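In UniProt numbering, the protein residues as written are 1 to 155.
Where a beta carbon is used, it is the ideal one built from N, C-alpha and C, also for glycine.
Model, not experiment: these values are computed from the prediction.
Only one structure is covered here, and it is reproduced in the block below.
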Amino acid sequence: MANTYSQIFIQLIFAVKGRERQIREEFREHLEKYITGIIQNNHQKLLAIYANPDHIHILVGYNNLNVLIPNLVRDIKSNSSKLINEENWFIGKFHWQEGYGAFSYSKSQVDSVVKYILNQKKHHEKQSFKEEYIEFLTKFEIDYKDEYVFEFYDD
1 MANTYSQIFI QLIFAVKGRE RQIREEFREH LEKYITGIIQ NNHQKLLAIY ANPDHIHILV
61 GYNNLNVLIP NLVRDIKSNS SKLINEENWF IGKFHWQEGY GAFSYSKSQV DSVVKYILNQ
121 KKHHEKQSFK EEYIEFLTKF EIDYKDEYVF EFYDD
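Structure follows, in structure tokens:
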């Protein structure tokens with residue numbers, strides 16, 4: 001659409017079904033590159049990505065408003081699940097959990113969010129994913145019900 005401009009930065013977070021640690025380190029970079037392609041094919045700009053064993057963080061420069069965020073997440077989840085299952089990364093079937101978090105940032109926050117995402121391995125030595133995710137919901141003042149948040153199991 002002519003004369004339509006936007007500058008929106010969205011961090012997406014979603015988890016492996018059952019919070020199983022199914023994204024092994026030897027496949028992490030391959031998965032991240034594959035998801036980068038999905039994001040680019042949706043005419044969005046990837047700013048940072050890190051696939052933890054049980055969840056993923058993605059920072060997107062959301063600049064094509066014709067692509068709805070739920071559709072982008074659906075494409076990422078369905079296509080990456082298909083890749084993992086077709087390449088038989090493990091015995092069994094891979095699924096992402098239902099739902100996701102989408103958190104917006106200003107341009108001035110982008111550098112710190114990129115650093116945060118790229119530092120995930122070290123970050124999770126000190127904080128569990130559950131603690132991290134609840135912290136996001138609280139920080140962004142999102143009302144939530146425990147039963148609708150990702151399935152969390154005691155670590």
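For the beta strand (DSSP E) that contains residue i, what are its first and last residues?
i      : result
Lys33  : Unbroken run through Lys33 is the alpha helix (DSSP H), 25-41; no beta strand (DSSP E).
Phe103 : 101-105
Is the CB-CB distance between residue i and residue j below 8 Å?
i           : j      : result
Leu72       : Val114 : no
residue 159 : His57  : Past the boundaries of the shown model lies residue 159; the chain is included only from 1 to 155, so the question cannot be answered.
Ala15       : Phe90  : no
Ile117      : Tyr50  : yes
Phe136      : Ile13  : yes
Glu20       : Asp54  : yes
Lys17       : His124 : no
Under a three-way DSSP split, which group does residue i fall into?
i      : result
Gly18  : helix
Tyr116 : helix
Val60  : strand
His55  : strand
Ile69  : helix
Gln11  : strand
Ile91  : coil
Ile49  : strand
Assuming residue i is part of the alpha helix (DSSP H), what are its boundary residues?
i      : result
Phe129 : 129-139
Going by CA-CA distance only, name the one from the options that's closest to residue i.
i      : options                       : result
Asn64  : Lys45, His55, Asp75           : Lys45
Pro70  : Gly101, Gly61, Glu125         : Gly101
Glu141 : Ser128, Phe103, Glu98, His43  : Phe103
His30  : Lys17, Ser128, Gly92, Ser81   : Ser81
Ile38  : Glu147, Arg19, Leu83, Ile23   : Leu83
Asp111 : Asn3, Leu47, His55            : Leu47
Gln109 : His123, Glu32, Gly61          : Gly61
Asn79  : Asn42, Val149, Lys145, Asn119 : Asn42
Compute the minimum distance between the beta carbon of residue i and the heavy atoms of the ligand FAD, and state whether it is under 7 Å.
i     : result
Asn88 : Of ligands this structure carries none, so the ligand FAD is not represented either.
Does any residue of chain D bring its CB to less than 8 Å from the CB of residue i?
i      : result
Lys130 : The question asks about chain D, but that chain is absent: this structure has only one protein chain.
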